[in-house]
Amino acid sequence: MQSPHARVSIPKEGLEAQGCEICHGPASLHVEASGGRGNILNPKSDAATCFACHMDKKAEFNLPHHHPVLEGKMNCTSCHKPHAAEVRPWSATSLENINQACFDCHKEQRGPFVWEHEAVREGCVTCHAVHGSLHAKMLVARDNNICFRCHTQANFPVIGLQNHGTRVPQGTCFSAGCHTAVHGSNFDDHLRY
Numbered sequence: 004m005q006s007p008h009a010r011v012s013i014p015k016e017g018l019e020a021q022g023c024e025i026c027h028g029p030a031s032l033h034v035e036a037s038g039g040r041g042n043i044l045n046p047k048s049d050a051a052t053c054f055a056c057h058m059d060k061k062a063e064f065n066l067p068h069h070h071p072v073l074e075g076k077m078n079c080t081s082c083h084k085p086h087a088a089e090v091r092p093w094s095a096t097s098l099e100n101i102n103q104a105c106f107d108c109h110k111e112q113r114g115p116f117v118w119e120h121e122a123v124r125e126g127c128v129t130c131h132a133v134h135g136s137l138h139a140k141m142l143v144a145r146d147n148n149i150c151f152r153c154h155t156q157a158n159f160p161v162i163g164l165q166n167h168g169t170r171v172p173q174g175t176c177f178s179a180g181c182h183t184a185v186h187g188s189n190f191d192d193h194l195r196y
C-alpha cells in the first residue's frame with residue numbers, strides 16, 4: 004500500500020516512517036493479541052484523528068466563518084484525500100486540483116460562464132481561506148479589500164471609470180449589490196468586477 008504521505012518531503016523519522024496505525028490505530032490482530040478489544044479508527048468520520056497532528060487547522064475551524072467540520076457536517080476527507088498520490092492537491096504544482104476540491108461541493112461557482120472572473124482560474128485560495136476565516140464567505144480579507152488587491156494594479160482590468168471611492172461607504176463590492184456574480188456571469192460582464 005502506498006504511504007499516504009509519500010510525496011511529503013520530510014526526514015525518514017517523520018511521517019514517511021509511520022504506518023497505517025498512525026491514523027487508524029492498532030489493527031485488530033494487534034488488539035486481539037494483547038487480549039483487548041478495540042476498533043480500527045476511521046479518520047474519514049472523525050476529524051480529531053487529523054487534528055492530532057494538524058493542531059493549527061483545528062484552530063482555523065474555530066474562526067467565525069469556517070467549513071462545518073467541527074459540527075460534523077463534513078470532515079477532513081471531504082476535501083483531503085490522504086491515500087491519493089498527491090496529498091496536497093492544492094500545491095503550486097497542481098493548481099487545477101485545488102479548485103476541483105472546492106468545486107466538488109461549490110458547483111455553482113465553477114461555470115462555465117460567458118464572462119468569467121479570471122481570479123477563479125488563479126485558484127479559489129486567491130480570495131478564500133480553505134479552513135476558516137474572520138471574514139464572511141471565508142474570504143482572506145474584507146471583500147472590497149480583496150478586489151482592490153488586483154483591480155488597482157497596472158495592466159489589470161480596472162474597476163471601471165466610476166469613482167468607487169464614493170461608493171465604498173455604501174458597502175463592499177458584493178454587499179452594495181453592484182458585483183454580485185464575482186465568480187462569473189452569463190448575463191452581464193459588470194457583475195463580476
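Counting from 4, one number per residue, gives the positions in the sequence shown under the working numbering. Positions of the beta carbon are idealized from the N, C-alpha and C atoms, including for glycine. The structure presented is a predicted model; accordingly, all values stated were derived computationally and were not measured.
Query	Result
What span of residues does the alpha helix (DSSP H) with LYS60 cover, start to end?	58-64
Do three or more CB pairs link the stretch 50-68 to the stretch 109-126 at distances below 8 Å?	no
Can you tell me where the alpha helix (DSSP H) holding ARG3 begins and where it ends?	The structure shown does not extend to residue 3, since the chain is modelled only from 4 to 196, so the question has no answer here.
Use the C-beta contact count for HIS134: other C-beta atoms within 10 angstroms, 16 or more gives buried, fewer gives exposed.	buried
Secondary structure at GLU125, three-state DSSP: helix, strand or coil?	helix
So, with DSSP's three-state summary, where would you put HIS131?	strand
VAL2 to ASN78, Cα distance in whole Å?	The chain is shown only over 4 to 196; residue 2 falls outside these bounds and no answer can be derived.
Considering only the alpha carbon of each residue, which of ARG145, THR155, MET141 lies closest to PHE64?	MET141
Run through DSSP, which three-state label would HIS86 get?	coil
Pull up the distance between the alpha-carbon of TRP118 and that of GLY126, whole angstroms please.	17 Å
Among residues of its own chain, excluding the 5 on either side of HIS138, which ones have a beta-carbon nearer than 7 Å to its beta-carbon?	HIS68, ALA144, ARG145
What residues in its chain sit with their C-beta under 6 Å from that of THR96, if we drop five residues either side in the sequence?	For THR96, the predicted model reports a pLDDT of 42, less than 50, meaning its position is unreliable and no value from the coordinates is stated.
Is HIS69 helix, strand or coil when you go by DSSP?	strand
Can you name the start and end residues of the alpha helix (DSSP H) that HIS120 belongs to?	Here HIS120 belongs to no alpha helix (DSSP H), and DSSP marks it neither H nor E.
What are the residues that DSSP puts in a beta bridge with SER136?	HIS68
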